[in-house]
Amino acid sequence: MCSEATGRNEAGTTFGPEDFREPIEFLYGMHERLRRQCENLVQLAKDPAAAEAPEIAAAILDFLETDLPLHRADEEEDLFPLLERRSPVPETGAHDELLSSLAVLRQEHRDDIEQGHSLFASLRLIAEGEAPRDPEMFRHYVHAFVKLQRGHQALENRVVLTAAFERLTPEDLAELGRKMAARRGLLFAG
Numbered sequence: 001m002c003s004e005a006t007g008r009n010e011a012g013t014t015f016g017p018e019d020f021r022e023p024i025e026f027l028y029g030m031h032e033r034l035r036r037q038c039e040n041l042v043q044l045a046k047d048p049a050a051a052e053a054p055e056i057a058a059a060i061l062d063f064l065e066t067d068l069p070l071h072r073a074d075e076e077e078d079l080f081p082l083l084e085r086r087s088p089v090p091e092t093g094a095h096d097e098l099l100s101s102l103a104v105l106r107q108e109h110r111d112d113i114e115q116g117h118s119l120f121a122s123l124r125l126i127a128e129g130e131a132p133r134d135p136e137m138f139r140h141y142v143h144a145f146v147k148l149q150r151g152h153q154a155l156e157n158r159v160v161l162t163a164a165f166e167r168l169t170p171e172d173l174a175e176l177g178r179k180m181a182a183r184r185g186l187l188f189a190g
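So for the sequence shown, this note's numbering puts the first residue at 1; every next one is plus one.
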């Protein structure tokens with residue numbers, strides 16, 4: 001049985017343990033879901049008073065408050081430390097790029113949380129059928145959030161997830177999948 005915090009796949013159903021057998025692919029999938037939510041945010045910012053705006057805002061907010069923190073924890077608590085342990089000796093140059101990328105991404109995660117408060121407050125108002133207090137500021141929050149997310153995902157996909165495919169062992173991947181599933185209240189024997 002899935003807990004409330006499991007997240008949803010593309011069909012809108014909850015994730016199951018089998019979704020974590022390929023944890024790096026799962027992370028790529030989360031990046032794609034986040035990309036689509038960013039597109040939805042941009043559209044919502046154009047007309048936050050549209051008839052469908054409350055439903056769209058509620059869906060975005062649900063993703064950002066439920067799935068995104070789990071995704072962030074997958075990276076911060078499990079993936080990043082694994083990659084740090086599997087980094088090659090510095091003479092290759094890749095080690096330095098990966099470590100500097102991880103430092104940037106960790107800072108962006110903190111920035112993401114700080115920037116999110118104002119954005120989330122506006123999304124809550126829209127989800128309740130109200131207009132944001134300051135539509136221009138809402139557009140600014142959306143622009144800043146989306147810009148951060150797009151750059152963040154590009155760096156993760158280019159450096160971090162590529163390094164994960166290259167460096168993590170099958171045992172590492174199985175452990176990563178187990179921890180990600182457990183974070184969502186799922187038992188994964190993988």
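Quick reminder that beta carbons are idealized off the backbone N, C-alpha and C, glycines included.
- By a beta-carbon distance limit of 8 Å, CYS38 does not contact ARG158. Their separation comes to about 18 Å.
- Annotation: LEU119 to PRO48 spans about 13 Å, alpha carbon to alpha carbon.
- Straight through space, the alpha carbons of ARG133 and ARG86 are spaced by roughly 48 Å.
- Shown here for MET180: same chain residues with a beta carbon closer than 6 Å to its own, the five before and five after excluded, namely PHE20, PRO23 and ASP74 in chain order.
- Excluding residues up to 5 positions away in sequence, PRO54 lie with their Cβ nearer than 8 Å to the Cβ of GLU128 in the same chain.
- A Cβ-Cβ distance of about 6 Å is found for the pair PHE138 and ALA45, placing them in contact under the 8 Å criterion.
- For LEU82, the enclosing alpha helix (DSSP H) begins and ends at 80-85.
- In the DSSP annotation of this structure, the continuous segment of the alpha helix (DSSP H) that includes THR162 starts and ends at 161-167.
- At a Cβ-Cβ threshold of 8 Å, LEU27 and LEU161 count as neighbours.
- Pairing GLY185 with GLU18, the inter-Cα distance amounts to about 13 Å.
- Between the alpha carbons of GLN43 and SER100 lies a gap of roughly 33 Å.
- As the crow flies, the alpha-carbon of HIS152 is around 14 Å from that of LEU98.
- In this structure, LEU105 lies near GLU156, with their beta-carbon atoms less than 8 Å apart.
- By the neighbour-count definition (other C-beta atoms within 10 Å, threshold 16), HIS143 is an exposed residue.
- Under the DSSP assignment, ALA50 falls outside any alpha helix (DSSP H); it carries neither an H nor an E label.
- Rounded to whole angstroms, the separation of the alpha carbons of ILE126 and ALA57 is 6 Å.
- Sorting GLY16, PHE15 and PRO69 by C-alpha distance to the C-alpha of LEU34 places PRO69 at the top.
- 8 Å or more divides the Cβ of LEU176 from the Cβ of LEU102.
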